[in-house]
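Numbering (my numbering), first residue to last: 3 to 116.
Structure representation (structure tokens):
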């Protein structure tokens with residue numbers, strides 16, 4: 003995972019605190035790519051976390067909590083994406099999202115044929 007410069011945010015008391023953005027590269031490994039079902043799973047997972055989550059594909063950026071924005075990435079099998087998270091639970095969010103990619107969104111190649 004990589005870290006970017008901190009962002010200033012207001013805490014509950016109104017004071018400024020620093021939040022660091024961390025990132026992780028993932029690869030779309032399921033044969034059908036990032037279609038509606040995996041995009042839905044990603045958005046649902048991202049919404050579980052307080053952190054802001056974004057997916058970056060070349061120069062395109064998508065809100066990780068939006069199915070429609072994720073679909074606009076048009077990520078086919080083999081596409082490399084950078085996932086960025088900023089917030090108090092960013093590391094945990096990236097781990098959970100990374101697990102979805104590693105599991106191929108629980109899709110199996112023979113499921114695609116039927």
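For each residue, glycine too, the CB sits at the ideal point set by N, CA and C.
- If you ignore the 5 residues before and after residue 56, its C-beta comes within less than 7 Å of the C-beta of 63, 64, 65, 66 and 86, all in its own chain and listed in chain order.
- Residue 104: member of the alpha helix (DSSP H) spanning 92-104, first to last residue.
- With respect to the C-alpha of residue 27, the residue from 76, 60 and 47 having the closest C-alpha is 60.
- Contact annotation: the region 87-97 does not touch the region 37-44, with fewer than three C-beta pairs closer than 8 Å.
- Residue 75 sits buried, since 16 or more C-beta atoms from the chains shown fall within 10 Å of its C-beta.
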